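Data first, discussion second: the structure below is written as structure tokens.
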């Protein structure tokens, strides 16, 4: 407590911090970025290990034999799917019943706020079919879920086939201590949302669904299966769920352990892991993998059907089969054995998966970075904001040097009114509210008056409101409060900087990736903006580093990382569709990224815009 | 000055009424930061239902408010929202009047001291002018009514607002010098939540100062006044307790209210320090640590009363803060009561040292509470340690805030008697260090 109570040492420290403020900020920023890039370097990461005792030491033997038959079932399913032109509900019910499951269906319907052009749907009506295998060994209080989405076209038939094959095989085993629910959901996430809401008796998004007729116990873990070819070269594990939530790391460990045991190639983010971490290409490979995970997590959307389970405390992941030109192939029997092994281990669980990490990044499937290692990278960026705030505080608190005639004093000493700070705050937040509400409410008006489709109308309105916000606030504030004082902008900046620090801190706790990406772009802006820097150049930098442009760059970067670079025009189209998907995700599943950006981050950024044009 | 106060009250009531109508009210009334097991409106409703069924409201370990509260709401349950808004308004108006009166006295005292030339010459800039003191009462009312913590507490219908109203009435009558009403409201406040008992020291000091009774343990007049006040206090407490007994027809409420406050059986997380410790603790240490934790609230009364015996109103502020930090089921409503007093000490700002740090921490913690709660309870990815870390930080910040004000107050008093620019013996500039 010496620092807090000894005035001399305090003064020395504060002097040091204010005098060296700019260099310290630059060093912190570089250190933050360097720390983040260092996370992918293998010696700095930890090897994954199984923390859960119930899944660790027990040996299981995988005997699933019927891969070929499963594929035949898949083909049959595909034929029926084509015949009915959608989900073959009757066939599925019959097939599941013949495999000895208790089968139930759930109907749901949902009208989207505006048409989804990516998936071409507006009025969604569908049916989920699920069969419950009752646990013979225990009192049906817990359950596991295996799901496979029924997608239009020729996709994913093998997954449904394998699911039915596994159901038949599991039915004949006696060791199940948890109910196993086999779910085929239609319309991917919308169906999954309906089923989960029905299962847990909640309704958070106002969807229509018929209540479930049968239930198992409380769901402990779930896997979602996506297979679109008879043989696969590798299996990809998808972890990122809604709002950047991740399942317990033990689930990833389990998958990795079985892939090693059975000898299946496994990837994460579609990237195989490499052993040459000490070479440049090996390191950049790890960086790419980690960056892909960061971008996916930051987007806050669910990257597989598993993403919605996480909201209900259910550890879930999607396993995706990838078929590339590689020689090494894995057949359906092996995939089935892998799943059997995973379910048998999950069956042994005594409590929910909780031993391992929930906050992690994975530079490869066998290595991870835990929260204690990655948070300092964010902390170093956030410290800049606190340092700037301290600097401003000292500037505001110390009286300005007296001028000779003492005329300037009178103006400077009069403290800036509450109004001069409150007005920009209120106006920028109202702009944020407009950005949040207008696009969906005004789509009809926009479609009437402009030659655009509904989806385009929504996205373009959002962009228009966003751009209009740049012109609005500083003008009105000038009208209301007259000439701003030197002290005025400092107070406003102090408020804005602290606001941004708290906002980014909270975001980073919930979704580290989003918080970090926003900090990476917004912190420099927050640090250097004053009314005295060159206007045109700073305005340009400010716009470049605004949240919307960050999203645009992220789209291009994401495509590059996936090794699918796009031209500028395609990128722009992708950008528009990403915005519409973000709004849809919010409306359909309750993803928080769109409201966060429009209601909080954008207004906060507007405050800095306001400071730049302080007159 | 009545017009701005009226305007303020109207604004405050409008905000509350609007929030009552919005969907936020349900969310807020579930927040653990805003309601505790003692003050939750849900529990009051449950108690009322039991009472209507002819069952003792204290059966079943749900309801822990006092009998008077439940009988109050027995008649007012349909007007609950108005009652809570009224309680806030009463608190604000009482504080307004109390502070106005107090400022008058401070100013008078300062005038006498100036006339008697008791202040060193270089202390003139420490003298408070009537111009800067003019708006303080209004600011106090504003700090209470527009404080987000108060608004949250009121919208959640936490009975904490009623306790605050009783305490502020006590403060008002103490400062007005009305011994009987001061004792009655103190006993009501004690009856509500035990802890305001520690305010009796401050009240005694203030009333004696007002009646020119020297605080001297050897003087007969001192003891006579203490006896008078205690008689009134204990007498009214006795009447209230017996009234509760006759209303309910049983002594059920004593263990259920006071036992519940003192033995802390409900470990629902809140912004206090108790829940985590007692959830982690081995059962056989429980009694010991219970005593240690509870003594914390009462113990500081002694040193603070000795140190601040000439400044009882500041002592009241300190005591309120200590209570709201160390009590067993604190909520944000308790914090808002002592925060309302901050404008009264605005003249101490030049001596505050950590105000920037502390306000940043308080702000950040207030935002982090719901975030970490979400991560722990809904997302399941964080755990109780995260939430408790923030609780701890929040309380450390509060303690720093209070001790900072304490230090600043003492330092100003020191300067007022020894001069502002202190010199060492060798003539160099000296600094005051708190050790």
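Residue numbers (UniProt numbering), protein chains in the order written: chain A, 1 to 615; chain B, 1 to 435. C-beta atoms are modelled at their ideal positions from N, C-alpha and C, and glycine is treated no differently. All of these numbers come straight from a predicted model, not from anything done at the bench.
Closer than 8 Å at the beta carbon, the chain A residues around residue i
i, result
"residue 381(B)", "245, 246, 358, 359"
"residue 364(B)", "501, 502, 505"
Beta-carbon neighbours of residue i, restricted to chain B and to distances below 8 Å
i, result
"residue 510(A)", "371, 374, 375, 379"
"residue 506(A)", "367, 368, 371"
Contact belief for residue i with residue j at Cβ below 8 Å, rounded distance in angstroms
i, j, result
"residue 186(B)", "residue 340(B)", "About 19 Å separates the two Cβ atoms, so there is no contact after all."
"residue 273(A)", "residue 365(A)", "6 Å"
"residue 240(B)", "residue 188(B)", "7 Å"
"residue 264(B)", "residue 328(B)", "5 Å"
"residue 529(A)", "residue 611(A)", "5 Å"
"residue 249(A)", "residue 360(B)", "Actually they are not in contact, since the Cβ atoms of residue 249(A) and residue 360(B) sit about 33 Å apart, beyond 8 Å."
"residue 412(B)", "residue 126(B)", "6 Å"
"residue 148(A)", "residue 156(A)", "6 Å"
"residue 182(B)", "residue 174(B)", "4 Å"
"residue 424(A)", "residue 492(A)", "6 Å"
Within chain B, the residues that residue i reaches when beta carbons sit closer than 9 Å
i, result
"residue 313(A)", "378, 379, 380"
Chain-ordered chain B contacts of residue i [CB-CB under 7 Å]
i, result
"residue 393(A)", "356"
Partner residues on chain A for residue i, Cβ-Cβ distance less than 9 Å
i, result
"residue 447(B)", "For residue 447(B) there is no data in the structure shown, the boundaries of chain B being 1 and 435."
Cutoff 8 Å: residue i Cβ touching any chain E Cβ
i, result
"residue 242(B)", "In the structure shown, chain E does not exist; the protein chains are A and B."
- Report yes or no: do three or more beta-carbon pairs, one from the stretch 61-72 of chain B and one from the stretch 40-48 of chain B, lie closer than 8 Å? yes
- Item | Interface residues of the stretch 485-504 of chain A facing chain B [CB-CB below 7 Å] | 498, 502
- Query: Does the stretch 180-191 of chain A come close enough to the stretch 91-109 of chain A that 3 or more CB-CB pairs lie under 8 Å?
  - Reply: yes
- Message: My parser needs the alpha helix (DSSP H) runs of 4 or more residues fully inside the stretch 431-470 of chain A; what are they?
- Response: 443-449
- Message: As an exercise, report each continuous beta strand (DSSP E) stretch of at least 3 residues that is fully enclosed by the stretch 361-385 of chain A, in chain order.
- Response: 367-370
- Closer than 8 Å, Cβ to any Cβ of chain A: which residues of the stretch 133-160 of chain B, in chain order? none
- Message: Ignoring anything shorter than 4 residues, give me the alpha helix (DSSP H) runs that lie fully in the stretch 29-110 of chain A, in order along the chain.
- Response: 53-56, 67-84, 89-98
- Inter-stretch contact (C-beta, 8 Å, three-pair minimum) for the stretch 62-74 of chain A and the stretch 152-170 of chain A: yes
- Query: For the stretch 413-420 of chain B against the stretch 384-394 of chain B, are there 3 or more C-beta pairs whose distance is under 8 Å?
  - Reply: no
- Message: Between the stretch 233-240 of chain A and the stretch 329-339 of chain A, can you find at least three pairs of beta-carbon atoms closer than 8 Å?
- Response: yes
- Can you give, in chain order, each stretch of the alpha helix (DSSP H) that sits fully within the stretch 171-251 of chain B and has at least 4 residues? 179-193, 199-210, 220-248
- Using 8 Å as the threshold, is the stretch 422-442 of chain A in touch with the stretch 505-517 of chain A, meaning 3 or more CB pairs across them? no
- Let me know the alpha helix (DSSP H) ranges lying completely inside the stretch 252-283 of chain B, each 4 residues or longer, listed in chain order. 260-263, 274-280
- Task: Would you check if there are 3 or more beta carbon pairs closer than 8 Å linking the stretch 14-23 of chain B to the stretch 559-568 of chain A?
- Result: no
- Item | Touch test, the stretch 299-316 of chain A against the stretch 214-221 of chain A, Cβ-Cβ under 8 Å, three pairs minimum | yes
- What alpha helix (DSSP H) runs, 4 residues minimum, are completely inside the stretch 80-116 of chain B? 80-115
- Query: Using 8 Å as the threshold, is the stretch 39-46 of chain A in touch with the stretch 138-156 of chain A, meaning 3 or more CB pairs across them?
  - Reply: no
- Runs of alpha helix (DSSP H) wholly within the stretch 292-321 of chain A (minimum 4 residues, chain order): none
- Curious, which full-length alpha helix (DSSP H) runs of at least 4 residues does the stretch 291-368 of chain B contain? 301-307, 312-326, 332-339
- Message: Under 8 Å, with one C-beta from each stretch per pair, do the stretch 261-277 of chain A and the stretch 353-368 of chain A reach the 3-pair mark?
- Response: yes
- Message: Tell me whether the stretch 101-110 of chain A and the stretch 126-136 of chain A touch, counting them as touching only if at least three CB pairs, one residue from each stretch, are closer than 8 Å.
- Response: yes
- Message: Does the contact criterion of 3 or more C-beta pairs under 8 Å hold for the stretch 103-119 of chain B versus the stretch 76-94 of chain B?
- Response: no
- Query: Is the stretch 189-203 of chain B in contact with the stretch 213-227 of chain B, if contact means three or more CB pairs nearer than 8 Å?
  - Reply: no
- Task: Mind the definition here: the stretch 24-36 of chain A touches the stretch 345-364 of chain A only if three or more C-beta pairs lie below 8 Å; say whether that holds.
- Result: no
- Item | the stretch 31-38 of chain B touching the stretch 150-160 of chain B, judged by at least three CB pairs closer than 8 Å | yes
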